[in-house]
Structures are given as C-alpha cells and as structure tokens.
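Peer 1: Under the numbering used here, the first residue of the sequence shown is numbered 2, with each subsequent residue one higher. All residues carry an ideal CB built from backbone N, CA and C; glycine is no exception.
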Amino acid sequence: MQIIVVKDKVAGGKAALKVFAAAKARGVKVFGLATGGTPETTYAELVASDLDFTDSISINLDEYVGLAADHPQSYAYYMHHHLFFAKPFAASYLPNGLATDPAAECARYDQVLADHHVGLQLLGIGRNGHIGFNEPGSPFDGTTHEVALTPSTIAANARFFARPADVPKRALSMGIGAIMQADQILLEAYGSDKAAAIQAMIEGPVTTAVPASVLQQHPNVIVILDQAAAAKLSVAGQASA
Ligand code: PGA
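(1) From the DSSP output, in three-state form, read off Gly13 for me.
(2) Which term fits Ser214, buried or exposed, when burial requires 16 or more other beta carbons within 10 angstroms of its beta carbon?
(3) Examine the ligand PGA and report whether any of its heavy atoms sits within less than 7 angstroms of the Cβ of Thr39.
(4) Just curious, the alpha helix (DSSP H) that Asn61 is in, first and last residue?
(5) Is it buried or exposed, Leu101, if we count other Cβ atoms within 10 angstroms and call 16 or more buried?
(6) Report back the beta-carbon spacing between Gly130 and Ala183 to the nearest angstrom; my notes put them in contact at under 8 angstroms.
(7) What is the C-beta distance between Ala24 and Leu121, in whole angstroms, given that I count them as a contact (C-beta under 8 angstroms)?
(8) Taking the alpha helix (DSSP H) that Asp116 falls in, what are its first and last residues?
(9) With C-beta atoms as the reference, is Ile177 less than 8 angstroms away from Val7?
(10) My parser needs the beta strand (DSSP E) runs of 3 or more residues fully inside the region 58 to 87; what are they?
(11) Going by other Cβ atoms of all chains shown within 10 Å of its Cβ, with 16 needed for buried, is Ala26 buried or exposed?
(12) What are the partner residues of Val222, as DSSP defines its beta bridges?
(13) Which residues does DSSP list as the beta-bridge partners of Glu147?
(14) In or out: His118 buried (at least 16 other Cβ within 10 Å) or exposed?
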C-alpha cells in the first residue's frame with residue numbers, strides 16, 4: 002500500500018487527479034467510481050482537467066434502493082452533478098435503485114463487471130470500515146447484492162437528507178470480490194472521523210469486521226489521507242507528500 006498524506010481534501014483531490022492521469026496514460030479504459038463527500042474534490046479536479054473520458058467506461062459502486070436516477074440524493078444524480086455533466090463517458094453504469102427485481106438487477110450488474118475489467122477503482126471508506134456499501138461482516142468474495150445499511154451508515158448519510166426518515170435504509174452494492182478484481186485501487190479519506198477506520202484498515206488484522214482491511218491483500222493500492230485521517234497511523238509521520 003502506498004500511503005500519501007496531504008494537508009487537506011483539496012490537496013487530496015490534486016493528488017488523486019495525478020493517479021487518474023497516470024491511469025489514463027497507461028491505457029486504462031474502465032474506471033470504478035464512488036460517491037459521497039470524500040471524492041468531491043477529486044471530481045472537481047477531473048472536471049477542471051483536460052482529461053477526456055469519452056473513450057472510457059465508468060462503473061459505480063452502489064445506489065440507494067428506492068431512489069430514482071433523477072432524485073437529488075441518488076448516486077446517479079450525484080455522478081451527473083459532480084462529474085458526468087462535464088466529463089461524459091462512453092457508457093456509465095450504476096445499479097438501478099428502482100429495480101423491481103433486485104436479484105435480477107444484481108445479476109445484471111455482475112455481468113457489467115464481468116464484461117468490463119476495472120483498471121482503476123476509486124473508493125471512500127465508511128466510519129465503520131465499509132467500502133462501497135459492504136458493511137462489516139460482508140464476505141470478501143461477495144458479488145453485487147442488496148444491503149441493509151447499518152445504523153451508523155444511515156446516521157452518516159442523514160446529513161444529505163432533509164429528514165432522518167428520508168434516508169434510504171437499503172442499497173445495491175458491488176461486492177468486495179469485484180472491488181478486489183480492479184488492477185489498481187485508490188482510496189481517499191479525510192477528517193478525524195475516519196482516523197479509526199483508516200488505522201484498522203492499514204494496521205489492524207485482515208477481518209470481515211473491517212471490510213477495508215481486505216485491501217491489505219491487494220497488490221496495488223494507493224491511499225490518500227489528510228493529516229486528520231492519518232492521525233492514528235503509527236507510520237503517519239513517515240508517509241507524506
Ligand atoms: P463519505 O462516505 O465520503 O460521504 O464520507 C464514504 C463512504 O461511506 O464510503
């Protein structure tokens with residue numbers, strides 16, 4: 002794992018842009034994308050850059066169950082608002098949160114992943130160590146599945162919704178097995194509320210109790226952290242950029 006510690010989220014976005022540019026330069030055509038507060042500065046940097054994705058495919062990690070693509074809190078809407086409006090891809094895939102048959106939708110998504118090998122996978126991390134919406138206990142070989150979000154994830158997401166009751170309780174998520182198939186993984190984390198999860202991910206045991214700890218077993222992972230998210234790492238003092 003390559004750990005890059007930066008001053009703040011803005012600097013993190015600039016560091017992430019370099020990772021995307023390097024991936025483009027070596028011919029990556031399939032990008033696994035993430036949502037949430039974390040990648041906002043990365044997408045801002047991509048939008049401001051001269052990188053062109055019209056020859057590329059994007060595959061997002063997850064989507065809320067019950068939200069239409071044009072719902073302002075859906076991840077489809079998020080992706081359009083933060084990236085696709087300025088940087089269209091040849092094709093962009095997200096799970097369909099309105100699918101009437103979630104099992105069939107998960108199978109469709111697994112076929113999308115089988116058809117397109119991800120070259121660079123962008124990830125955030127939950128306060129409980131989740132990646133995508135793979136909550137603690139998710140199997141490391143998991144495929145796309147419907148998830149009951151944990152109370153801590155629902156609470157963390159509540160800031161994006163007008164009323165707590167509006168926060169979706171379920172999601173469709175790529176499994177950890179598919180995430181681990183990516184050639185390279187870029188995980189970003191900012192803020193002190195991620196410090197414990199980052200410490201467990203990097204320095205703790207590999208355990209399904211901390212889904213992100215599986216990344217210790219991936220051969221090509223770059224982690225971009227601000228100082229607050231890196232604060233609990235014993236190596237934090239040596240890793241800086
Ligand atoms: P956040 O979410 O970027 O909104 O903190 C990250 C995650 O839960 O994976």
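Peer 2: On the basis of the supplied data:
(1) Assigned with DSSP and collapsed to three states, Gly13 falls in helix.
(2) By the neighbour-count rule (16 or more Cβ atoms within 10 Å), Ser214 is buried.
(3) Thr39: yes, Cβ under 7 angstroms from the ligand PGA.
(4) Looking at the DSSP string, Asn61 is not in any alpha helix (DSSP H); the run it does join, the beta strand (DSSP E), is 58 to 61.
(5) Before going on, a small fix: residue 101 reads as Thr here, not Leu. Label assigned to Thr101: exposed.
(6) Actually they are not in contact, since the Cβ atoms of Gly130 and Ala183 sit about 18 angstroms apart, beyond 8 angstroms.
(7) Separation of the CB atoms of Ala24 and Leu121 is rounded to 4 angstroms, and the pair is thereby assigned contact status at 8 angstroms.
(8) Taken as a continuous stretch (DSSP letters only), the alpha helix (DSSP H) holding Asp116 covers 103 to 116.
(9) In this structure, Val7 does not lie closer than 8 angstroms to Ile177 by Cβ.
(10) Listed in chain order, the complete beta strand (DSSP E) runs (minimum 3 residues) inside the region 58 to 87 are 58 to 61, 63 to 65.
(11) Label assigned to Ala26: exposed.
(12) Paired residues: Ile186.
(13) The partner list for Glu147 (beta bridge, DSSP) reads Leu173.
(14) Exposed is the call here.
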